[in-house]
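First up is the structure itself, then whatever we jot down about it.
Residue numbers (our numbering): 49 to 127.
As structure tokens, this is what we get:
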């Protein structure tokens with residue numbers, strides 16, 4: 049495999065990790081009527097809830113899929 053593909057393969061979990069959080073925080077900022085800012089618009093209790101929801105719906109599923117993702121090559125499992 050070429051170098052660009054290897055870099056992309058290593059960066060993809062990070063990309064998949066950040067995109068859902070960005071979408072989630074954007075939606076939350078519209079619901080709160082302001083920019084999502086943990087120091088100003090959101091109380092510490094609400095920030096903890098956001099972090100817990102993010103871990104439950106974004107981070108943990110990606111960690112569960114990461115070994116499967118790393119054990120494949122171009123969509124084919126290494127048997």
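We treat Cβ as the ideally placed atom computed from N, Cα and C, and that holds for glycine.
(request) Name the residue from 52, 50, 57 whose alpha carbon lies nearest to the alpha carbon of residue 119. (result) 57
(message) Would residue 110 and residue 64 be called neighbours here (beta carbons separated by less than 7 Å)?
(response) yes
(message) Whole angstroms are fine: how far does the CA of residue 72 sit from the CA of residue 93?
(response) Rounded to the nearest whole angstrom, the CA to CA distance from residue 93 to residue 72 is 17 Å.
(message) Suppose contacts are defined by Cβ-Cβ distances below 7 Å. Is residue 114 in contact with residue 68 by that definition?
(response) no
(request) Using three-state DSSP, classify residue 64 as helix, strand or coil. (result) Residue state, collapsed to three classes: helix.
(request) Note down the Cα distance separating residue 99 from residue 52, rounded to an integer number of angstroms. (result) 33 Å
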